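Asks: Residue numbers (the working numbering): 69 to 171. Where is the CB? At the ideal position from N, CA and C, for every residue including glycine. What you are looking at is a predicted structure, and each value in this text was computed from that prediction instead of being measured.
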Amino acid sequence: MGENQESVNKWIEHTFGPAGSNLSVAARANEEMAELLMGLAVNDRHPLALEECADIVIILYRLAHRLGGDLHAAVDAKMAVNRQRTWKIANGHGYHVKMEARP
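1. Return the residue from the list Phe-84, Gly-70, Val-93 and Leu-104 that minimises the CA-CA distance to Ala-132.
2. Mind checking whether Arg-134 and Asn-90 have CB atoms under 7 Å apart?
3. Under the assumption that Ile-80 contacts Ala-97 (Cβ atoms under 8 Å), give the Cβ distance between them as a whole number of angstroms.
4. Tell me which same chain residues have a C-beta within less than 7 Å of the C-beta of Leu-103, skipping the five on either side of it?
5. Restricting to Cα atoms, I'd like to know which of Ile-126, His-82 and Glu-100 is closest to Glu-71.
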């Protein structure tokens with residue numbers, strides 16, 4: 069069985085109960101991101117890096133659910149925006165070029 073946002077959220081609610089706030093869920097995702105960063109600082113191909121990525125997504129599923137949205141749909145929508153943007157490339161990472169406001 070493949071997991072999805074709905075199945076993961078059912079498991080989270082059953083296992084951990086309700087979260088206090090969206091901020092607390094985002095902070096928990098940040099803790100997992102910090103674990104990923106610490107592992108990659110030691111070994112750029114850390115054997116647990118992918119597992120930490122999964123932990124982050126699991127928590128983001130919870131946050132997306134609490135915000136009333138679907139994370140995959142949000143990624144699709146955001147990618148549609150990203151594909152239309154102009155990008156400044158730096159070291160293999162992109163930063164979109166901010167358009168100046170017109171008077």
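Replies: Let's see:
1. Val-93
2. Yes, Cβ-Cβ distance for Arg-134 and Asn-90 is below 7 Å.
3. Contact check for Ile-80 and Ala-97: beta-carbon distance about 12 Å, past the 8 Å limit, so the pair fails to qualify.
4. Here the sequence assigns Glu to residue 103, which means Leu is not the residue at that position. Excluding positions up to five away in sequence, the list reads Glu-120.
5. Ile-126
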